[in-house]
Structure formats: structure tokens, C-alpha cells
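**Q** In the working numbering, each residue's number is its place in the sequence shown (first place is 1) plus 155.
A virtual CB, placed ideally from N, CA and C, is assigned to each residue, including glycine.
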Amino acid sequence: MPPSSPLVFILRLMRLALIAMAINASFAVIEPAVERSTYLSRLVMSDPVRHLRMPVDRVAQRQLRDTWHAARSHGRKHEGIDIFATRGTPVRSTTEGIISRIGTNKLGGNVVWVLGPGGHRHYYAHLDQVANIRTGERIGAGALLGFVGNTGNAKLTPPHLHYGIYTGKGAINPFPLLSGKVAVPPSHPAS
Ligand SMILES: [Zn+2]
């Protein structure tokens with residue numbers, strides 16, 4: 156059979172189609188991974204958000220109390236803000252980002268960590284339940300993370316969200332970022 160016969164031509168064409176399909180399939184795997192790492196670097200390099208959306212549904216800015224660095228058991232200082240709400244109230248991400256950890260710990264109970272703009276790590280604790288989310292998932296501001304509860308060391312206190320923000324230099328006060336108000340310096344009892 157001469158090489159230019161229609162059969163050879165069709166076979167070559169089929170082989171090319173198979174190669175094209177294989178390349179396409181590998182791109183389907185590679186592309187999302189590239190997209191993820193591009194997003195991750197853009198997220199970490201971007202400026203941290205200055206005005207955060209409220210993480211608990213139906214809570215107004217004026218209801219917030221600044222409890223930053225209030226005394227806690229074992230000489231600890233409060234590294235965040237407590238936002239009280241009825242058990243089961245939706246808890247939402249204050250920023251866009253990536254779900255970096257979903258877990259349980261003694262103090263926080265059911266917790267979710269979100270890596271947000273500027274590489275800030277946002278901590279949501281005492282959740283009654285975690286929403287249907289996965290570690291590594293990319294989320295937008297307002298994404299449902301879980302529901303208000305009192306798991307962990309909050310089991311004797313009314314349900315609330317403990318919300319913390321950690322930067323490369325340690326925890327920062329979420330109150331001014333959530334309320335739009337200037338933080339009240341922690342009061343030192345006269346002694
Ligand atoms: Zn707290």
C-alpha cells in the first residue's frame with residue numbers, strides 16, 4: 156500500500172486526534188493547579204482588607220464590643236473578638252481567600268482558618284457545626300463557613316463566634332476593622 160493511501164491518511168489523522176486529546180486532558184489537570192497557585196500568590200501579595208464584612212448574620216456594627224486583650228484563664232489575653240448570637244446563626248468569611256484548615260482544638264472547639272489578603276490568617280472558633288467546605292477551597296467574602304455555637308472552652312458561655320486575625324507579626328485587633336471605629340485601648344485596672 157503506498158503511504159499516501161486514504162487509509163494511512165485516516166490512521167495518521169486518528170493518531171493526531173488521540174495526541175490532541177491527551178494534551179487536552181493533561182491541561183485539564185495542570186490548569187486548575189496553576190490557577191490555584193497564581194491566586195495564592197496574588198492573595199498573599201495583595202493588601203489586607205481594611206474594612207471587613209460582619210462574620211455573623213444579623214449582627215450590627217454597633218452591637219460589637221471591643222474585648223481585645225481582656226484577661227482570660229491561665230494568664231492569657233483575649234486575642235480576638237467575641238460576637239454573640241443565637242446558636243446556629245450563619246458564620247461567614249470576612250474576606251475572600253482559601254480555606255486553610257478545618258479542625259477541632261481544646262480552646263476553640265470546631266474551628267475554621269481562612270488565608271486572606273495580605274497573608275492574614277482568619278480564625279473562626281466555637282462553631283456549633285462547620286459548613287460544607289473543603290480545605291484548599293477558594294472562597295469569596297461572605298462564604299458560609301459554619302454556624303455559631305459554644306464548642307471548646309466556650310461550653311459554659313452563651314453561643315458566640317470567637318474571631319481572630321493573625322498576621323506575620325502576631326494577632327491584631329479585629330474590632331476597628333469590623334466596626335469602622337478606632338480601637339479602645341485595653342483598660343488597666345488601678346492596682
Ligand atoms: Zn473569644
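Quick one: Cα of K324 to Cα of T259, how far?
**A** As a first step, residue 324 is located in the sequence shown; it is residue number 169 there, counting from the start. As a first step, residue 259 is located in the sequence shown; it is residue number 104 there, counting from the start. Their Cα atoms are separated by approximately 24 Å.
**Q** What whole-angstrom Cβ distance do G243 and V303 have, given they're in contact under 8 Å?
**A** On the sequence shown, position 88 is the one that residue 243 refers to. On the sequence shown, position 148 is the one that residue 303 refers to. The Cβ separation is near 7 Å, so the contact holds.
**Q** Which same chain residues end up closer than 8 Å to L171 when comparing Cβ atoms and leaving out the 5 residues on each side of it in sequence?
**A** Numbered from 1 along the sequence shown, position 16 holds the residue referred to as residue 171. Answer for L171: no residue qualifies.
**Q** Would N287 be called buried (16 or more neighbouring beta carbons within 10 Å of its own) or exposed?
**A** What you label residue 287 is simply residue 132 of the sequence shown in a count that begins at 1. So N287 ends up on the exposed side.
**Q** For the beta strand (DSSP E) containing L282, name the first residue and the last one.
**A** In the sequence shown, the residue the question calls residue 282 occupies position 127. Where L282 is concerned, the enclosing beta strand (DSSP E) stretches over R276 to L282.
**Q** Between H317 and ligand 1, is the CB less than 6 Å from at least one heavy atom?
**A** Taking the first residue of the sequence shown as 1, we reach residue 317 at position 162. H317 Cβ: within cutoff of ligand 1.
**Q** Output the distance between the C-alpha atoms of Y279 and Y318, rounded to the nearest integer angstrom.
**A** Here the question's residue 279 lines up with position 124 in the sequence shown. Here the question's residue 318 lines up with position 163 in the sequence shown. So the two alpha carbons sit approximately 5 Å from each other.
**Q** Measuring only the C-alpha atoms, how far is E292 from I165?
**A** Residue 292 sits at position 137 when you count from the first residue of the sequence shown. Residue 165 sits at position 10 when you count from the first residue of the sequence shown. Using only the alpha carbons, I get a separation of about 44 Å.
**Q** Please classify F330 as buried or exposed, where buried requires at least 16 other C-beta atoms within 10 Å of its C-beta.
**A** Within the sequence shown, the letter at position 175 stands for residue 330. The residue in question, F330, is buried, as its Cβ has 16 or more Cβ neighbours within 10 Å.
**Q** Looking only at its own chain, which residues have a Cβ that is under 6 Å from the Cβ of S255, when we skip the five neighbours before and after it?
**A** Residue numbering aside, residue 255 sits at position 100 when the sequence shown is read from its first letter. Closer than 6 Å at the Cβ level, and outside the excluded window around S255, lie W268 and L270.
**Q** Can you give the Cα-Cα distance for M169 and I178, rounded to whole angstroms?
**A** Translated into positions along the sequence shown, residue 169 becomes position 14. Translated into positions along the sequence shown, residue 178 becomes position 23. For M169 and I178, the distance between alpha carbons rounds to 14 Å.
**Q** Does the distance from the CB of S248 to the CB of L333 come in under 7 Å?
**A** The residue given as residue 248 occupies position 93 in the sequence shown. The residue given as residue 333 occupies position 178 in the sequence shown. No, the pair does not count as a contact, with Cβ atoms beyond the cut-off.
**Q** Assign T250 to buried or exposed, taking buried as 16 or more other Cβ atoms, counted over all protein chains shown, within 10 Å of its Cβ.
**A** Residue numbering aside, residue 250 sits at position 95 when the sequence shown is read from its first letter. Buried.
**Q** Taking 7 Å as the threshold (C-beta atoms), are G264 and T222 in contact?
**A** Position 67 of the sequence shown, counting from 1, holds the residue named residue 222. Position 109 of the sequence shown, counting from 1, holds the residue named residue 264. Contact: no.
**Q** Within 10 angstroms of the Cβ of P314, are there 16 or more other Cβ atoms? Answer buried if so, exposed if not.
**A** Position 159 of the sequence shown, counting from 1, holds the residue named residue 314. Per the 10 Å Cβ criterion, buried.
**Q** Among the residues of its own chain, which have a CB less than 8 Å from the CB of A226, if the five just before and after it don't count?
**A** Along the sequence shown, read from residue 1 onward, the residue named residue 226 stands at position 71. The answer, listed in chain order, is K232 and H233.
**Q** Considering only residues of the same chain and omitting the five flanking positions on each side of T366, which have a CB-CB separation below 8 Å?
**A** The first residue shown for the chain is 156 and the last is 346, placing residue 366 beyond what the model contains.
**Q** Among the residues of its own chain, which have a CB less than 6 Å from the CB of A309, if the five just before and after it don't count?
**A** Looking up residue 309 in the sequence shown gives position 154. Excluding residues within five positions, the ones whose Cβ falls inside 6 Å are H281.
**Q** P344 to S196, Cα distance in whole Å?
**A** In the sequence shown, counting from the first residue as 1, residue 344 sits at position 189. In the sequence shown, counting from the first residue as 1, residue 196 sits at position 41. Summary for P344: the model assigns pLDDT 48, below 50, so the residue's position carries little reliability, and this model does not support an answer.
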